[in-house]
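S.K.:
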Amino acid sequence: MTTVTLGSTQITVNKNGFGALPVQRVSKEEGAALLRKAYEGGITFFDTARAYSDSEEKIGMGLSDVRDQIYIATKTMSTTVEGFWKDLETSLGLLKTDHVDIYQFHNPSFCPKPGDGTGLYEAMKEAKAQGKIRHIGITNHRLSVAMEAIESGLYETLQFPFCYLATEKDIEIVKACKERDMGFIAMKSLSGGLITSAAAAYAFADQYDNVLPIWGIQKEKELEEFLGFIDNPPAMTSQIQELIDKDRDMLSGSFCRGCGYCMPCPVGIEINNCARMSLLLRRSPSSNHLSPAGQEKMMKIKDCLHCNKCMSHCPYGLNTPELLARNLKDYEEVLAGKVMTADNF
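All you need for this note's numbering is the position in the sequence shown, starting with 1, plus 793.
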């Protein structure tokens, strides 16, 4: 079994964290049962957020009786001290616990610091002094904010996108965390579904001994695959490296990661899926994407106002309206039978 320690927190778990965002998409009973099966299979780190609808509640339902045997990380998106405390108390109640192991600022546009006028970091310190949180963390999609958080010395963990599509700058973030004894939690380890080989994703992450991947899981079949990695972790092989190299060639550059921070769209375009539809069609079964409902979602792109709100919110600096138009054109070619999908490659 491969383990990872989250820096100075001394939290040590196997290299399979449970990302609980997707469990909000299943019933409460299904979600609680899935979380319980994950624990019974050996997973002890669970990451959620106040913003993930009923995800925290499902963790409370499924795991409250084994609370002292697991680690829970959750997050607040609040930008006010009042909202911070409201989120924390709500999270504690839903999780059925008196403390959170890691409490994280959820993708803030800046790095909260003492004396910055927001009072947010001071609230974090007070919550820690009260014993309601054990460790202070931050999540982000922006390289600049992530590096500022690392260099500040104020945070014990950083959650940041990291997978085998990572750039050299992303890898520098991982190395900087290790140098400063700061825990690194890897979100988007499957790049929002664009990476289709969990074994390859694991083998890549396993090359970095300070990285804890959190896998987004909502199906029992998915969970079973990751549980299998606990006793039989996939190693980097020439075949896996070849697959990674092929994916890097296909997916490098300006592609949508599906993070959703561009949402909501004023005219209701489902940007986080529509802006990467060309890739989804080539990397997953196309039936749902090409269904009448799927077509309706894609045709909403024609209603784009070109207000550029999505582009201004994109942490990767993508030209989102242009990306949407390009994906719509490709989608229409698929419907016309001019372009192949994953089903007929």
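The beta-carbon is built from N, C-alpha and C at its ideal position, and this holds for glycine as well.
Does the Cβ-Cβ distance between G1130 and M975 come in under 8 Å?
M.R.: The sequence position of residue 1130 within the sequence shown is 337, counting from 1. The sequence position of residue 975 within the sequence shown is 182, counting from 1. Contact: no.
S.K.: So what does DSSP say about N1137, is it helix, strand or coil?
M.R.: What you label residue 1137 is simply residue 344 of the sequence shown in a count that begins at 1. At N1137 the pLDDT is 46, less than 50, meaning the model places this residue with poor confidence; the figure from the coordinates comes in the next sentence. N1137: coil per DSSP, three-state reduction.
S.K.: Report the residue from S1031, K962, C1097 and D999 whose alpha carbon sits nearest the alpha carbon of S937.
M.R.: In the sequence shown, residue 937 corresponds to position 144, counting from 1. Of the candidates S1031, K962, C1097 and D999, the one whose C-alpha sits nearest the C-alpha of S937 is K962.
S.K.: Taking the straight line between their C-alpha atoms, what separation do you get for D891 and K1090?
M.R.: On the sequence shown, residue 891 is found 98 positions in, with the first residue counted as 1. On the sequence shown, residue 1090 is found 297 positions in, with the first residue counted as 1. It is roughly 42 Å from the alpha-carbon of D891 to the alpha-carbon of K1090.
S.K.: For Q897, write down the residues that DSSP places opposite it in a beta bridge.
M.R.: The residue you call residue 897 lines up with position 104 of the sequence shown. Bridge partners of Q897: K868 and G930.
S.K.: So what's D1123 in DSSP terms, helix, strand or just coil?
M.R.: Locating residue 1123 in the sequence shown gives position 330, where the first residue counts as 1. If DSSP states are grouped into helix, strand and coil, D1123 belongs with the helices.
S.K.: Run through the DSSP bridge pairs and tell me what S952 is partnered with.
M.R.: Stepping through the sequence shown from its first residue, residue 952 is reached at position 159. The amino acid at residue 952 is misidentified as Ser; the sequence shows Gln. DSSP, once it has assigned bridges, lists T932 and I978 as partnering Q952.
S.K.: For L1005, which residues does DSSP report across the bridge?
M.R.: Here residue 1005 corresponds to residue number 212 of the sequence shown, with the count starting at 1. I978.
S.K.: For A1161 versus A996, is the C-beta distance shorter than 8 Å?
M.R.: The chain is shown from 794 up to 1138; residue 1161 falls before or after that span and cannot be answered.
S.K.: Taking Q923 as the reference, which of R973, V893 and N1120 has the closest Cα?
M.R.: As a position in the sequence shown, residue 923 is number 130, starting the count at 1. That would be V893, whose Cα lies nearest to the Cα of Q923.
S.K.: Spatial neighbours of E1063 within its chain, please: C-beta separation below 7 Å, excluding the five flanking residues on both sides.
M.R.: The residue given as residue 1063 occupies position 270 in the sequence shown. Cβ neighbours of E1063 beyond the five flanking positions: K1090.
S.K.: What residues in its chain sit with their C-beta under 8 Å from that of P1059, if we drop five residues either side in the sequence?
M.R.: What you label residue 1059 is simply residue 266 of the sequence shown in a count that begins at 1. Taken in chain order, the residues that qualify are L1098, C1100 and K1102.
S.K.: Assuming the contact rule is C-beta atoms closer than 8 Å, Y914 and P905 should be a hit. Round their C-beta distance to whole Å, please.
M.R.: If you number the sequence shown from 1, residue 914 lands on position 121. If you number the sequence shown from 1, residue 905 lands on position 112. With a Cβ gap of about 5 Å, Y914 and P905 count as contacting.
S.K.: Quick check on DSSP: helix, strand or coil for T1113?
M.R.: For the purposes of this step, residue 1113 is identified with residue 320 of the sequence shown, where counting begins at 1. The answer is helix: DSSP assigns T1113 an H, G or I state.
S.K.: Please list the terminal residues of the continuous beta strand (DSSP E) segment that includes N1081.
M.R.: Taking the sequence shown and counting its residues from 1, the one referred to as residue 1081 is at position 288. Where N1081 is concerned, there is no enclosing beta strand (DSSP E), given that its DSSP letter is neither H nor E.
S.K.: For E849, count neighbouring Cβ atoms within 10 angstroms of its own Cβ and tell me buried if that reaches 16, exposed if not.
M.R.: For the purposes of this step, residue 849 is taken as residue 56 along the sequence shown, with counting starting at 1. Buried, because 16 or more other Cβ atoms sit within 10 Å of the Cβ of E849.
S.K.: Express the C-alpha separation of R1069 and Q952 in angstroms, rounding to a whole number.
M.R.: One-based indexing of the sequence shown puts residue 952 at position 159. One-based indexing of the sequence shown puts residue 1069 at position 276. Straight-line Cα distance between these residues: approximately 23 Å.
S.K.: Can you name the start and end residues of the alpha helix (DSSP H) that N1066 belongs to?
M.R.: On the sequence shown, residue 1066 is found 273 positions in, with the first residue counted as 1. I1064 to C1067 is the span of the alpha helix (DSSP H), which, as asked, contains N1066.
S.K.: Could you check how far apart the C-beta atoms of T867 and R843 are, in whole angstroms? I think they sit under 8 Å.
M.R.: If you number the sequence shown from 1, residue 867 lands on position 74. If you number the sequence shown from 1, residue 843 lands on position 50. The pair is a contact, with the Cβ atoms about 7 Å apart (cut-off 8 Å).
S.K.: DSSP on T873, reduced to helix/strand/coil?
M.R.: Along the sequence shown, one-based indexing puts residue 873 at 80. Residue state, collapsed to three classes: coil.
S.K.: For I929, which residues of its own chain have a beta-carbon under 6 Å away from its beta-carbon, when the five flanking residues on both sides are left out?
M.R.: On the sequence shown, position 136 is the one that residue 929 refers to. M917, Y948 and E949, listed in sequence order.
S.K.: Can you grab the Cα-Cα spacing for the pair D1042 / L856, in whole Å?
M.R.: The residue you call residue 1042 lines up with position 249 of the sequence shown. The residue you call residue 856 lines up with position 63 of the sequence shown. Distance between the alpha carbons of D1042 and L856: 41 Å.
S.K.: For H934, which option in K851, L1072 and P901 has the closest C-alpha, if you only look at C-alpha atoms?
M.R.: Counting from 1 along the sequence shown, the entry for residue 934 is found at position 141. The residue with the shortest Cα to Cα distance from H934 is P901.
S.K.: For the alpha helix (DSSP H) holding F1019, just list the boundary residues, first then last.
M.R.: By one-based count along the sequence shown, residue 1019 stands at place 226. Start and end: E1013 to D1024.
S.K.: I need the boundaries of the alpha helix (DSSP H) containing F997, first residue and last residue.
M.R.: By 1-based counting over the sequence shown, the position of residue 997 is 204. Looking at the DSSP string, the run of the alpha helix (DSSP H) that includes F997 is A991 to A998.
S.K.: By the 10 Å Cβ neighbour count, where 16 or more other Cβ atoms means buried, how is Q1032 classified, buried or exposed?
M.R.: Start at 1 with the first residue of the sequence shown, and residue 1032 comes out as number 239. Exposed, since its Cβ has fewer than 16 Cβ neighbours within 10 Å.
S.K.: How big is the Cα-Cα spacing for G1087 and N1081?
M.R.: Taking the first residue of the sequence shown as 1, we reach residue 1087 at position 294. Taking the first residue of the sequence shown as 1, we reach residue 1081 at position 288. Distance between the alpha carbons of G1087 and N1081: 6 Å.
S.K.: Would you decide whether Q1000 is buried or exposed? Buried here means 16 or more other CB atoms lie within 10 Å of its CB.
M.R.: As a first step, residue 1000 is located in the sequence shown; it is residue number 207 there, counting from the start. Looking at its Cβ environment, which holds fewer than 16 other Cβ atoms inside 10 Å, Q1000 is exposed.
S.K.: Between G853, D858 and L987, which has its C-alpha nearest L885's C-alpha?
M.R.: As a working note, residue 885 is residue 92 in the sequence shown. L885 has its Cα closest to that of G853, out of G853, D858 and L987.
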